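Numbering (UniProt numbering), first residue to last: 1 to 582.
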C-alpha cells in the first residue's frame, strides 16, 4: 500500500477516535500538511506512523500539492528531490512564501507546546533566505521596527549545507481532481479522551531505558571472552554479580567514546539519537571487558562494537587521541552543551539560542537578542553550578533524614526510601530521589500526604524552589520536582530533589524501577512479563514484528515485593549496592 493509498484509510481508521478529542488536543488544527516521505517502497512503516500522528493531532493531511490549500510541507534536506517532484517545481524557492517548509521536529514541538517560528525548522537554506527577505519586506511596508528583523537567520543559514537541486522533475504535479485533504471530523467541545499524541515520541525517548531489544533479543550481555568461547547459556546482566568491579583497563577508550556520545546526545537529529543509543550499549560492554583491548579483533569481539567503532578504538589505542572529536566538537555543539546544563533547556532551545547569537550563560542571563526564559529556566540558570555538581552522599542522607522526620509527624505509618545512586551505595549523588507510600492494612492510604508534606518542607526551608508540581496533589501516584537545601546557613548549595508517591501495591516495582531497572525489564519482556514503576504485569502479548509494541498490556501482579519480583524472574537476590553494572 502506497502512502497516498494509506492516507485514504485514515478517516476510517482514526475518525471516530479523533472526534472524541477535546479541541486543546488538536495540536495541528487548521494546518494543511503535505508530508514528503523518503523511505524505500517496501518499508513504509515509518511514513505510516507519522501520517497517523499528523491526522490524530488534527492536521488536514494533503495527498497532493495544491498551493492554494497547503500551509506546511514537512520535509528534510535529503527529501528535497521528492519535494520538487511532488510539487512540480524546479527549485524550492519557487514555492510560495506563505507555504512553510519545516522538518518533522516542528511537528514534535507543536505537540509539545514549543512554539518557535517555523523558520527555525526550515530545511532548505535558499528558502530560509527567501522567507527572511519576504518577512523583512513586509515589515518595511508596515513600518515595523528594525528590532523585529531576525538577524540570526544568516548565521544559521551559513551552518547548513547548500544542496539545491536544479534538475527538472519528470512530471509536474496536478492540482485537479484527486484525493481531497484528509480532515478530522468535527468535534464536540465537551468530548474528552486519554489519547496522548506524543506516545510515539515517548517510545523513542524511552528506548534506551525500556527495552534494549535490537541486539539483545537473542544474545546475552557478554561479560568475558571465555564465556563466549564455552558457548554458555544466555544470561542477563541482572543474573549475576557485577564483573570488573576494579579499575577499568580500557578507561581511556571509554572516556573518548563518552565524549563522542555526549556530542551526539547534544544534537537534535534522529540519527544522533540512535548513535547515542549505540554508544551507550557499546561503552557499557567495553567497561566490562576484563582485559586491555590490544587489537581490532579484540574490539570486534565485544558485543555492540561494530566495524566503525572498532576502528575508533584502535585509533585511541595507537595514538591516545580520536581525530573525530576535533571535528565533531564544533562551536555550536560546545555552546549547546553549555546551555543544556540549564534545567529546563533541551537541544532545540539550546540550538535556537545559538542561532540567535547567544554564546555564554551571561548572554542568556541578559536576554540577548530578545531571548526570554521560563520561570523554571530562570531557576536553572540562577543555580547552574549547584544543579550540575554532584553532592556528597552524606549531604543527601542528611536532607533525607530531615524530610523523613517531618513526614512521619504527618503519618507515622508512611514508608519512605531514598533511591537511585544513593541506594546503590555511590559516594556522590546527582540528585535526591525519595519514594513515598503507605501500607493499607488499616484501610487508609497516603492520598493527602503529599500536599501537607510539601507545605511543611517549604515552611522549614528545606524545599526552596518548585520546578514541577503534580496536577493532583492528592493522587496516590504523583511526582514532585524541586530544589532543596540541607539548612539555611550562608553558602548552602541548592540540590535537585524528586519526591515520588506510589500506591503501596506498586512499592516493589517502584524500588526496582529506580534502582535496578534496565536488564531486569529486558529479561521480564523475554519471559512474557512487563516490568515498570507500577510493578510486574503477567500475560503480556507483544507484536512479534516489534516487541516494543504490546498487543495486550497484561494484568498487574499487585503487591509484589522486590524479592518476589526477583524470584518470579529467576534472578538471584542482590542487595541494592550489589546491583551496580557498568
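For every residue, glycine included, the Cβ atom is placed at its ideal position computed from N, Cα and C.
In this text, all values refer to a predicted model and were calculated from it rather than measured experimentally.
For residue 102, DSSP records a beta bridge to 74.
DSSP places residue 535 within a strand segment (E or B) once states are collapsed to three. It is roughly 6 Å from the alpha-carbon of residue 313 to the alpha-carbon of residue 253. Take the alpha-carbon of residue 535 and the one of residue 277: they are about 25 Å apart. Linking residue 260 to residue 286 through their CA atoms gives a straight-line distance of about 15 Å.
Look at residue 354 here: in three-state DSSP terms it is helix. With fewer than 16 other Cβ atoms from the protein chains shown falling within 10 Å of its own Cβ, residue 318 counts as exposed.
Assigned with DSSP and collapsed to three states, residue 433 falls in strand.
Taken in chain order, the whole beta strand (DSSP E) runs of length 3 or more contained in the stretch 392-467 are 415-418 and 432-437. Cβ atoms of residue 499 and residue 483 stay farther apart than 8 Å, at about 12 Å. Taking C-alpha positions only, residue 119 is separated from residue 127 by approximately 9 Å.
Here the alpha carbons of residue 501 and residue 105 stand approximately 33 Å from one another. Residue 417 is classed as buried because its beta carbon has at least 16 other beta carbons within 10 Å across all chains shown.
Distance from the Cα of residue 93 is smallest, within the candidate group 70, 124 and 112, for 124. Judged by DSSP in its simplified three-state form, residue 336 adopts helix. When DSSP reads this structure, residue 32 sits in a beta bridge with 60.
Here DSSP, grouped into helix, strand and coil, assigns residue 478 to strand. Taking 4 residues as the minimum length, the alpha helix (DSSP H) runs contained wholly in the stretch 254-297 are 270-288, in order along the chain. For the pair residue 70 and residue 99, the CB atoms are nearer than the 7 Å cut-off. If you look at residue 499, you'll find it in the beta strand (DSSP E) that goes 495-501. Residue range 541-543 is occupied by the beta strand (DSSP E) that includes residue 541.
Nearest C-alpha to residue 574 among 545, 512 and 554: 512.
Taken through DSSP and simplified to helix, strand or coil, residue 522 comes out as helix. For the pair of segments examined, the stretch 365-379 was found to touch the stretch 334-347: the number of CB pairs separated by less than 8 Å reaches three. Check the Cα spacing between residue 288 and each of 275, 305, 296 and 274: the tightest is with 305.
Per the coordinates, the alpha-carbon of residue 103 lies some 10 Å from the alpha-carbon of residue 72.
Out of 55, 540, 481 and 84, the CA that lies nearest to the CA of residue 65 is found in 84.
Fewer than three Cβ pairs drawn from the stretch 458-471 and the stretch 419-433 lie within less than 8 Å of each other, which leaves the two stretches out of contact. In the three-state reduction of the DSSP assignment, residue 2 falls in the coil class. For residue 513, the enclosing alpha helix (DSSP H) covers residues 507-513.
Spanning the alpha carbons of residue 316 and residue 423 requires a straight line of approximately 35 Å. With a 10 Å radius around the Cβ and a threshold of 16 neighbouring Cβ atoms, residue 122 comes out buried. Using a Cβ-Cβ distance cut-off of 8 Å, the stretch 351-358 and the stretch 378-392 are not in contact, since fewer than three pairs of beta carbons, one from each stretch, lie closer than that value. Judged by DSSP in its simplified three-state form, residue 549 adopts strand. Assigned with DSSP and collapsed to three states, residue 248 falls in coil, not helix or strand. In this structure residue 446 is in contact with residue 436, their Cβ atoms being roughly 7 Å apart against a cut-off of 8 Å.
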